[in-house]
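full-length UniProt numbering applies: residue 1 is where the sequence shown begins, and numbers increase by one.
We put the CB at the ideal spot given by N, CA and C, even for glycine.
In this text the structure is predicted, and so the values were computed from the model without any measurement.
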Amino acid sequence: MTQTPDPGVAADPRLSSPTAARLFRQATTEFNQRRFANAAHALTSVLALAPDNPTALKMMAVASQRLGNHAGAVECFLRTTRTWPEDPMLRIGLGVSLTELDRGDEAIEQFRLACKLAPTFADAWYDLGEALARQSYTQEAATALQKALALSPDHLLARLSLARVWTNFGQLDEAVKEFREVLRRDPGNAEGWFGLSYLNTDCFEPGDFELLARALERPGRPADEQERLWFVQAKLLEMRGDYIRAFDAFRAANELGRKRVRWNPAAAHERAQAVLGAFQGTIPSPSDTEFGREAIFVASMPRSGSSLVEQILASHPEVEGANEIKNMAQVLEAETRRRRSLFPSWIPDAGAQDWSRLGHEYLTLTSRWRETKPRFTDKSLANWLFAGTALSMLPGARVIVVRRDPVETCLACYRQCLGSMYGFACDLADAADYYIDFMRLTRFWIQKHPDRVMDLEYEALVTEPDATIRRLLDFCDLPFDPACLAFHKTRRAVQSLPSAVQIRQGMRSDTARAACYGNQLDALRARLRAGGIQLADDP
1 MTQTPDPGVA
11 ADPRLSSPTA
21 ARLFRQATTE
31 FNQRRFANAA
41 HALTSVLALA
51 PDNPTALKMM
61 AVASQRLGNH
71 AGAVECFLRT
81 TRTWPEDPML
91 RIGLGVSLTE
101 LDRGDEAIEQ
111 FRLACKLAPT
121 FADAWYDLGE
131 ALARQSYTQE
141 AATALQKALA
151 LSPDHLLARL
161 SLARVWTNFG
171 QLDEAVKEFR
181 EVLRRDPGNA
191 EGWFGLSYLN
201 TDCFEPGDFE
211 LLARALERPG
221 RPADEQERLW
231 FVQAKLLEMR
241 GDYIRAFDAF
251 RAANELGRKR
261 VRWNPAAAHE
271 RAQAVLGAFQ
281 GTIPSPSDTE
291 FGREAIFVAS
301 MPRSGSSLVE
311 QILASHPEVE
321 GANEIKNMAQ
331 VLEAETRRRR
341 SLFPSWIPDA
351 GAQDWSRLGH
361 EYLTLTSRWR
371 ETKPRFTDKS
381 LANWLFAGTA
391 LSMLPGARVI
401 VVRRDPVETC
411 LACYRQCLGS
421 MYGFACDLAD
431 AADYYIDFMR
441 LTRFWIQKHP
451 DRVMDLEYEA
461 LVTEPDATIR
471 RLLDFCDLPF
481 DPACLAFHKT
491 RRAVQSLPSA
501 VQIRQGMRSD
511 TARAACYGNQ
521 LDALRARLRA
531 GGIQLADDP
């Protein structure tokens, strides 16, 4: 999304106090030199003397946003809009911070207003399109982004966003066209290459390898862009069957990722252990065992088949696929603030009424996914940690644990740029440890709730789709529907780019890669075995 422009104000005649005026000039100097923390400190003093000064509030809003304090930015933007309700840049700034706070629908409202106030401003339409896409309003997102490009054909961010929207919606020819147009206008564009690499390998052309090599050699490129280009080169090398150099390219990409992403393996392990410990005791029995049956949770590691399972379920006429929504995390974070006690330490103190209240909060937040169908899927990749809380809040819900071959899972994570939330993927040893914790905790959920948690093996789904899909539907108390077997024909938005492509290719049995890398994965295998994980080739 776009950033809120600097206010660019050197003085404000509304500041009658000489002290406030002096502090405001100091804040402006600090702001213009991009020392936002210093600017915010000075503005705090200004606002203590002139609490409703709109210019100081506007500058404080932008400074807070640049510092990552989006809650503070929202407060200041809202107060500023009382003075300047028709300023589209204020609406955009407010929308950006609302987006960062996962208040997507509120952000969309602000971006819509910005587009109404400035209908010829391409950035406003781009921000609206991005916000709509994040909330899975795919067709509306495409319309907004096309409007941005009609106003500004050189708006590469809007073109990239549109390409991703077409990918998510399964319109791959349109996606290729937009990614190619980005690369025509900017041959070294990292996001263009990265997006194209997620599509069918037929999208690549004979001269792409040389063009990509030149892009990698471009001096001064930001590390995150270089990281993505290494991932693209690795995929191209795999296409050529050059797995030795491909592994080197994946290693180069992930070494950059480890510098960018903060990942604490010990803290991740401690959290998984804490969740397991918190649910060892007895959870209060619910008064209504069917409450929450609307929800079907899919719990898995990344790149393990969870999108495939969700697509199968979402092909059923009674089920809406909600993708990787964050509402469970929002409910738990709110309860953590309310209790002033970190999750999961408050779990043993929660009573039946608490769980019922939390369940109602979750269902309220997810109500949009039941507007046309009675049930929905929640595929958050944190669900393996939250399954116990989900079933305590919603005793009628079902949890599907999707697991894939451990070596293939860890390698698949290592082969993808998964983002800052999944820093374990940058190191095969960390990926193994994460998988070990995943298996330990999900085995616990299955043993504790055998009638409400299903263990689904990805390889069984691929080799015996008919029987496995029927078992899946029966577990979810859904009547069989043949559309679930023809899931690749179902039109819906899928937020994960690689999954959006793969699920529309039908059931694939050619996704295994570990054998191609041979002894380069021996250390990974040893780490998994040391953690008690049995591998396919173990006696």
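Buried or exposed (CB count within 10 angstroms, at least 16 for buried), residue i
{"i": "Asn519", "result": "exposed"}
{"i": "Gly170", "result": "buried"}
{"i": "Met421", "result": "exposed"}
{"i": "Ala71", "result": "exposed"}
{"i": "Ala352", "result": "exposed"}
{"i": "Phe376", "result": "buried"}
{"i": "Thr55", "result": "buried"}
{"i": "Pro18", "result": "exposed"}
{"i": "Ala467", "result": "exposed"}
{"i": "Leu342", "result": "exposed"}
{"i": "Phe247", "result": "buried"}
{"i": "Phe297", "result": "buried"}
{"i": "Ser304", "result": "buried"}
{"i": "Gln110", "result": "buried"}
{"i": "residue 544", "result": "This structure gives no information on residue 544, because the portion of the chain shown stretches from 1 to 539."}
{"i": "Ala37", "result": "exposed"}
Selection from the options that minimises the alpha carbon distance to residue i
{"i": "Ala150", "options": "Pro119, Asn168, Ala131, Leu172", "result": "Pro119"}
{"i": "Ala107", "options": "Asp123, Pro85, Glu130, Phe121", "result": "Glu130"}
{"i": "Gln139", "options": "His155, Ser345, Arg491", "result": "Arg491"}
{"i": "residue 541", "options": "Ala334, Arg415, Gly277", "result": "Given that the chain is displayed from residue 1 to residue 539, the structure contains no residue 541 and the question cannot be resolved."}
{"i": "Pro88", "options": "Leu78, Leu117, Ser341", "result": "Leu117"}
{"i": "Gly207", "options": "Leu199, Arg184, Gly195", "result": "Arg184"}
{"i": "Asn254", "options": "Asp522, Glu210, Gly423", "result": "Gly423"}
{"i": "Asp354", "options": "Trp125, Pro286, Thr99, Pro85", "result": "Pro286"}
{"i": "Lys379", "options": "Asp288, Ala322, Ala425", "result": "Ala322"}
{"i": "Leu113", "options": "Leu365, Gly95, Phe297, Pro153", "result": "Gly95"}
{"i": "Arg214", "options": "Asp474, Gly188, Val453, Leu441", "result": "Gly188"}
{"i": "Asp430", "options": "Ala252, Arg22, Leu528", "result": "Leu528"}
{"i": "Trp230", "options": "Arg258, Glu457, Leu199, Ala190", "result": "Ala190"}
{"i": "Cys426", "options": "Leu308, Pro265, Ala299", "result": "Pro265"}
{"i": "Gln311", "options": "Gln233, Tyr517, Leu472", "result": "Leu472"}
{"i": "Thr289", "options": "Trp193, Arg398, Ser306", "result": "Arg398"}
{"i": "residue 554", "options": "Arg258, Leu332, Arg452, Pro344", "result": "No statement about residue 554 is possible, as the shown extent of the chain runs from 1 to 539 and does not include it."}
Simplified DSSP assignment, three categories, for residue i
{"i": "Ala295", "result": "strand"}
{"i": "Asp123", "result": "helix"}
{"i": "Arg443", "result": "helix"}
{"i": "Val261", "result": "coil"}
{"i": "Ile533", "result": "coil"}
{"i": "Ile400", "result": "strand"}
{"i": "Leu113", "result": "helix"}
{"i": "Gly321", "result": "strand"}
{"i": "Gln478", "result": "The amino acid occupying residue 478 in the given sequence is Leu; Gln does not appear at that position. Coil."}
{"i": "Asp466", "result": "helix"}
{"i": "Ser306", "result": "helix"}
{"i": "Ser300", "result": "strand"}
{"i": "Tyr243", "result": "helix"}
{"i": "Pro7", "result": "Note that Pro7 has pLDDT 49, beneath the 50 cutoff, so the model's placement of it is unreliable and the number below is only indicative. If DSSP states are grouped into helix, strand and coil, Pro7 belongs with coil."}
{"i": "Asn189", "result": "coil"}
{"i": "Asp288", "result": "coil"}
{"i": "Asp522", "result": "helix"}
Nonlocal neighbours in the same chain, by C-beta distance under 6 Å from residue i, ignoring five residues either side
{"i": "Arg245", "result": "Leu237"}
{"i": "Ala20", "result": "Val46, Leu49, Ala50"}
{"i": "Leu385", "result": "Val275"}
{"i": "Ala11", "result": "Unreliable placement is indicated for Ala11, whose pLDDT of 49 sits below 50; no coordinate value is reported for it."}
N-terminal and C-terminal residue of the beta strand (DSSP E) that residue i is part of
{"i": "Thr377", "result": "375-378"}
{"i": "Asp455", "result": "453-457"}
Proximal residues to residue i (C-beta, below 8 Å), its chain only, five neighbours per side dropped
{"i": "Gly281", "result": "Pro348"}
{"i": "Thr372", "result": "Glu320"}
Residue range of the unbroken alpha helix (DSSP H) whose run includes residue i
{"i": "residue 543", "result": "The chain is shown from 1 up to 539; residue 543 falls before or after that span and cannot be answered."}
{"i": "Leu365", "result": "352-365"}
{"i": "Glu174", "result": "172-185"}
{"i": "Thr282", "result": "Where Thr282 is concerned, there is no enclosing alpha helix (DSSP H), given that its DSSP letter is neither H nor E."}
{"i": "Ser17", "result": "Counting along the chain, Ser17 falls outside any alpha helix (DSSP H), and DSSP gives it neither H nor E."}
{"i": "Leu333", "result": "The question names Leu, but residue 333 in the sequence shown is Glu. Here the alpha helix (DSSP H) through Glu333 covers 327-339."}
{"i": "Lys58", "result": "54-66"}
{"i": "Phe36", "result": "36-49"}
{"i": "Lys147", "result": "138-151"}
{"i": "residue 542", "result": "Because the chain spans 1 through 539 in this model, residue 542 falls outside it and cannot be assessed."}
Sequence-distant residues of its chain with Cβ nearer than 7 Å to residue i (five each side left out)
{"i": "Asp405", "result": "Glu459, Ala536"}
{"i": "Val165", "result": "Ala133, Thr138, Ala141, Ala142, Leu145"}
{"i": "Arg159", "result": "Leu149, Glu178, Glu181, Val182"}
{"i": "Arg525", "result": "Val407, Leu535"}
beta-carbon residue i near the ligand GTP non-hydrogen atom, thresh 7 Å
{"i": "Trp166", "result": "Inclusion of the ligand GTP in the displayed structure is not the case, the ligand content being empty and no account of it being possible."}
Test: residue i CB closer than 8 Å to a CB of chain D
{"i": "Arg240", "result": "Any reference to chain D falls outside this structure, which holds one protein chain only."}
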